[in-house]
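Undergrad:
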Amino acid sequence: MQMNYYLEKMGKNKKKSLPVIRSFLLVFIPYVVYSIGLLPSILTMKFFLQILCFKNFFSLLALPFILMAELFIFSISEAIVIALVINIFKIKYEEGIYEMSLRDSVFFKFALFSALYYPLSKILKLFSLEPIRILFMRLLGARIGKNTLIVGEIDDPPLVEIGDNTVIGGHTVILSHIGEEKLILKKVRIGRNCLIGGAAYIMPGVVMEDYSVLGAKSLATKNQVLKKGRIYVGIPAREKKFVKKEVDKE
């Protein structure tokens, strides 16, 4: 009986300490991962500095080009390291409804994924490195078709599918998660040859069928289906009806 009491007490203490441990990991793991991703940039910078030495004016002229090259190297190396860590340690999440607590393993994965993904995604967007950003999202599980332009933000790459020849305007936000007492994760599916205007907002579970259009500053609500070849505008988004006007012949 006494042994059972101590085991039960240890179990309760472990449950209490789990959120604290996971909160620490949410800071520590991204810190380590981003530090590792910085190594190639530091090594190449050291190499360039040793060659140039900045003894004359021409070596100073080379500095801006070196810094831009370092930005490119940083972006590639960080994307590869982060993608490797997320895929090797399976820091991904699937559709479902989960507790909004660090005690929940899926919520912890969601929080850790966000801590790893968002900083680099923002940097890539800030410097308009769209090809690297699309590659980064693909490495993290996003299904993105050919000849697709994404200027907006995708918050949950593992839960997004985008078809060929689709254009997503600037300041658009595509969300596959929402907090409604619990964490709801649902995939967003965007078909082929779709157009999403600037500053549009797409909620979890939205399906855009092929050739559909969502107007600028419009809101596609949770689980909404935008039908093939139709145009939707407004908050919430509604189908735009076109009325043919007959012109009287003189």
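Per the numbering used here, numbering of the sequence shown is gapless, rising by one per residue and ending at 258.
Glycine included, each C-beta is placed from N, C-alpha and C at the ideal position.
Note that the coordinates shown come from a computational prediction; the quantities given were computed from them, not determined experimentally.
(1) Under 9 Å, do Met-216 and Leu-234 count as touching if we go by C-beta distance?
(2) Indicate the three-state DSSP secondary structure (helix, strand or coil) for Tyr-101 in the structure shown.
(3) Compare the Cα-Cα distances from Val-28 to each of Gly-237, Asp-112, Lys-154, Leu-134 and report the closest residue.
(4) My guess is that Lys-154 and Arg-141 are in contact by the Cβ rule of under 8 Å, so how many angstroms apart are they, rounded?
(5) Quick test of your reading: Asp-164 and Leu-183, contact by CB under 8 Å. State the CB separation rounded to the nearest angstrom.
(6) Give me, in chain order, the residues of the same chain whose beta-carbon lies closer than 7 Å to that of Tyr-14; leave out the 5 immediate sequence neighbours on both sides.
(7) If I measure Cβ to Cβ from Ile-243 and keep anything under 7 Å in the same chain, skipping five residues before and after, which residues do I get?
(8) Taking 9 Å as the cut-off, decide whether the C-beta atoms of Ser-129 and Glu-161 are in contact.
(9) Report all residues from its chain with a CB closer than 8 Å to the CB of Asn-173; omit the five preceding and five following residues, and keep chain order.
(10) Any chance the region 41-59 sits against the region 76-94, with 3 or more Cβ pairs inside 8 Å?
(11) For Tyr-240, which of helix, strand or coil comes out of DSSP?
(12) Apart from the five residues on each side of it in sequence, which residues of its chain come closer than 7 Å, Cβ to Cβ, to Arg-30?
(13) Is Val-241 closer than 9 Å to Leu-222 when the C-beta atoms are compared?
(14) Check the DSSP bridge columns for Ile-198 and list the partner residues they point to.
(15) Are the Cβ atoms of Ile-105 and Val-41 separated by less than 9 Å?
(16) With respect to 8 Å, is the separation between the Cβ of Ala-119 and the closest non-hydrogen atom of the ligand FAD below this value?
TA: Let me spell this out:
(1) Here the question's residue 216 lines up with position 208 in the sequence shown. Here the question's residue 234 lines up with position 226 in the sequence shown. The answer is yes: Cβ separation under 9 Å.
(2) Numbered from 1 along the sequence shown, position 93 holds the residue referred to as residue 101. Tyr-101: coil per DSSP, three-state reduction.
(3) Residue numbering aside, residue 28 sits at position 20 when the sequence shown is read from its first letter. The candidate whose alpha carbon is nearest that of Val-28 is Asp-112.
(4) Residue numbering aside, residue 154 sits at position 146 when the sequence shown is read from its first letter. Residue numbering aside, residue 141 sits at position 133 when the sequence shown is read from its first letter. With a Cβ gap of about 16 Å, Lys-154 and Arg-141 do not count as contacting.
(5) The sequence position of residue 164 within the sequence shown is 156, counting from 1. The sequence position of residue 183 within the sequence shown is 175, counting from 1. Yes, Asp-164 and Leu-183 are in contact; Cβ-Cβ is about 7 Å, under 8 Å.
(6) Residue 14 sits at position 6 when you count from the first residue of the sequence shown. At Tyr-14, the pLDDT of 43 sits below 50, so the modelled position is not reliable; the number obtained from the coordinates is stated separately. Counting only Cβ-Cβ distances below 7 Å, and skipping sequence neighbours, we find nothing.
(7) For the purposes of this step, residue 243 is identified with residue 235 of the sequence shown, where counting begins at 1. So the qualifying residues of the chain are Ser-226, Leu-227.
(8) Residue mapping note: residue 129 aligns to position 121 of the sequence shown, counting from 1. Residue mapping note: residue 161 aligns to position 153 of the sequence shown, counting from 1. Taking 9 Å as the Cβ cut-off, Ser-129 and Glu-161 qualify as a contacting pair.
(9) The residue you call residue 173 lines up with position 165 of the sequence shown. Cβ neighbours of Asn-173 beyond the five flanking positions: Gly-153, Lys-154, Asn-155, Thr-156, Arg-200, Asn-201.
(10) yes
(11) Locating residue 240 in the sequence shown gives position 232, counting from the first residue. Correct three-state label for Tyr-240: strand.
(12) For the purposes of this step, residue 30 is taken as the residue at position 22 of the sequence shown. Counting only Cβ-Cβ distances below 7 Å, and skipping sequence neighbours, we find Leu-110, Phe-116.
(13) To locate residue 222, count along the sequence shown from 1; it is residue 214. To locate residue 241, count along the sequence shown from 1; it is residue 233. Yes. Within cutoff.
(14) Position 190 of the sequence shown, counted from the start, is the residue given in the question as residue 198. Beta-bridge pairing links Ile-198 to Ile-170, Met-216.
(15) Counted from its first residue, the sequence shown places residue 105 at position 97. Counted from its first residue, the sequence shown places residue 41 at position 33. Not in contact: Ile-105 and Val-41 (Cβ atoms no closer than 9 Å).
(16) Of ligands this structure carries none, so the ligand FAD is not represented either.
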